[in-house]
Amino acid sequence: MQYCHLTPARYAAGLRKAIRDEDPGRLVDVMVVGAIIEARSCERFAALAPHLDDELRDFYTGLLKSEARHYRDYLTLAETAAGGDVGDRLEVFLAIEQGLIERPDREFRFHSGPLG
Ligand SMILES: [Fe+2]
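Just so we're aligned, residue 42 is where the sequence shown starts under my numbering, counting upward by one.
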């Protein structure tokens with residue numbers, strides 16, 4: 042198998058564009074974006090798992106639990122960096138994400154990799 046360089050997916054790049062330049066805001070935003078990406082992975086695995094055979098379902102359910110931990114960890118780190126609630130930043134990035142999801146994409150990616 043040969044590995045190739047991947048450019049950042051439009052989805053993640055679009056979210057990262059809105060990350061503030063200066064700390065601590067930059068760190069808070071990086072953690073919030075991480076939380077959103079992890080949460081969406083969790084949702085994808087939850088949607089996929091019921092359609093798989095027992096072995097693959099167990100595998101993806103394990104991944105799902107990891108992603109659920111990761112998104113909570115990212116949110117906790119964001120709150121620590123902010124010194125409190127990050128709901129306002131979460132709303133900003135979820136609105137950006139909605140725009141990214143609703144617009145067509147030329148490239149299909151599933152968990153950071155191209156198909157085919
Ligand atoms: Fe993860």
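Even glycine gets a Cβ: it sits at the ideal position worked out from N, Cα and C.
Outcome for residue i when other beta-carbon atoms lying within 10 angstroms are tallied against a minimum of 16
i: H46; result: exposed
i: G157; result: With a pLDDT of 49 at G157, under the threshold of 50, the predicted position of this residue should be treated as unreliable, though the coordinate-derived value follows. Per the 10 Å Cβ criterion, exposed.
i: Y44; result: exposed
i: D64; result: exposed
C-beta atoms of residue i and residue j nearer than 8 Å
i: L161; j: R61; result: Nothing about residue 161 can be read from this structure; the chain reaches only from 42 to 157.
i: Y112; j: C83; result: yes
i: M72; j: A119; result: yes
i: L56; j: F86; result: no
i: R98; j: A88; result: no
i: V69; j: R130; result: yes
Range covered by the alpha helix (DSSP H) that runs through residue i
i: Q139; result: G128 to E143
i: I158; result: For residue 158 there is no data in the structure shown, the boundaries of the chain being 42 and 157.
i: E148; result: Run containing E148: none; DSSP gives neither H nor E here.
i: T117; result: D95 to A123
i: P57; result: Looking at the sequence provided, one finds Arg at residue 57 rather than Pro. Note, R57: alpha helix (DSSP H), R51 to R57.
Short CB-CB distance (under 8 Å) between residue i and chain B
i: A88; result: Absent here is chain B; the protein component of the structure consists of one chain.
>> Closer than 8 Å is the cut-off here; do at least three beta carbon pairs connect the region 64-84 with the region 122-135?
In response: yes
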